[in-house]
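According to our numbering, the sequence shown is numbered sequentially starting from 12.
Quick reminder that beta carbons are idealized off the backbone N, C-alpha and C, glycines included.
Computed from a predicted model, the values in this text were never measured in an experiment.
Notes for the one structure printed next.
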Amino acid sequence: MAKRFAQAGHPVGLLSRTLSNLQPLVDCINAEPYITPQTRAHAFAADATDAPSLRAAVDAASTTWGNEAFLYGGVMNTTSFHRAAFLETTEADVRRMFDGQVLGVLHFGQALLRSFTARPDFPAPFPAGAPTSTPSGFLFVTGATAGTRGGANFGAFAAAKFGVRGLTQSIAREYGPKGVHVAHILVDGIIRTPRTVKMIGSEPEDDQSWLAPEAIAETYYMLAQQPRNGFTQELDIRPGTETW
Numbered sequence: 012m013a014k015r016f017a018q019a020g021h022p023v024g025l026l027s028r029t030l031s032n033l034q035p036l037v038d039c040i041n042a043e044p045y046i047t048p049q050t051r052a053h054a055f056a057a058d059a060t061d062a063p064s065l066r067a068a069v070d071a072a073s074t075t076w077g078n079e080a081f082l083y084g085g086v087m088n089t090t091s092f093h094r095a096a097f098l099e100t101t102e103a104d105v106r107r108m109f110d111g112q113v114l115g116v117l118h119f120g121q122a123l124l125r126s127f128t129a130r131p132d133f134p135a136p137f138p139a140g141a142p143t144s145t146p147s148g149f150l151f152v153t154g155a156t157a158g159t160r161g162g163a164n165f166g167a168f169a170a171a172k173f174g175v176r177g178l179t180q181s182i183a184r185e186y187g188p189k190g191v192h193v194a195h196i197l198v199d200g201i202i203r204t205p206r207t208v209k210m211i212g213s214e215p216e217d218d219q220s221w222l223a224p225e226a227i228a229e230t231y232y233m234l235a236q237q238p239r240n241g242f243t244q245e246l247d248i249r250p251g252t253e254t255w
């Protein structure tokens, strides 16, 4: 996603608890010929379970590129995960999932929307002079199929993802009328990354059985271009071969 938005000329800020995790991607983006001094990518440290750290990171991202740039959107995705039989699931497991997922959306969404609403022209389109159908900004939250149906041994994870879905819907109903595009994207399937290949121990059988990161990014980029009179609130992405 960061690469796709950067390719379109947007400065991108990447957030993670550990800055060193982001540096290879930041360096990769900044090495591209289309990157200018004004559109260089930057990394910021933030923990989704810690509201002050997220506010500080979003505030920093709001000023890093100078007065000519403005914070226009954000994509939320946390990777907390839990799988266990119901009788082996502890209260701590459920709280950990809730903190990383639901509170993560609360903290990130509040930090982002406070930045949007602090603009003197909010909720008008930004920049000034843009068509009235231009959104005031966007907040996209990555969910999972577990947010629509709980699976055996995924109780804590599903409970958190249900919460993420419900919270995102509530934000959309409150801020959609103000021009902010809030969307919940269900990513259903294995995403082909070095991490998942290592975890599973093999490559996919073909190029259609796992999700391609580039295809996911293209979908998010498409959502970011939707006008106010055509917002998508929920969308699902999966390989054509996925059972659902």
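According to the Cβ coordinates, are residue i and residue j closer than 8 Å?
i	j	result
L222	I202	yes
A155	G161	no
L30	A122	no
R125	D199	no
F151	V86	yes
I40	A54	no
H195	Q237	no
G120	T89	no
Y232	A19	yes
N164	A103	no
V208	E214	yes
A167	T100	yes
V37	L25	yes
W76	Q49	yes
Near residue i, which residues of its chain fall below 7 Å by C-beta distance, leaving aside the five closest residues on each side in sequence?
i	result
A80	P22
E253	D199 and G200
F127	F133, S147, G148 and V191
V258	This structure cannot speak to residue 258, because the chain is shown only from 12 to 255.
Which residues in the same chain as residue i place their Cβ atom closer than 6 Å to its Cβ, once the five residues preceding and following it in sequence are excluded?
i	result
R28	D58
L246	I196
E43	none
Label residue i either buried or exposed according to how many other C-beta atoms from any shown protein chain fall within 10 Å of its C-beta, with 16 as the threshold for buried.
i	result
L98	exposed
S73	buried
T179	buried
R206	exposed
H210	Checking the sequence shown, residue 210 turns out to be Met, not His. Counting Cβ neighbours within 10 Å, M210 comes out exposed, since fewer than 16 surround it.
W255	exposed
P136	buried
T47	exposed
R239	buried
G84	buried
Assuming the contact rule is C-beta atoms closer than 8 Å, residue i and residue j should be a hit. Round their C-beta distance to whole Å, please.
i	j	result
A183	K172	Wrong, their Cβ atoms sit about 16 Å apart, outside the cutoff.
G177	F242	Not a contact, Cβ separation roughly 18 Å.
R15	A228	4 Å
R107	S91	7 Å
Check your understanding: Hey, is the stretch 54-66 in contact with the stretch 109-126, meaning 3+ C-beta pairs nearer than 8 Å?
Key -> yes
**Study point:** Contact between the stretch 140-158 and the stretch 180-196 (3+ Cβ pairs under 8 Å)
**Key:** yes
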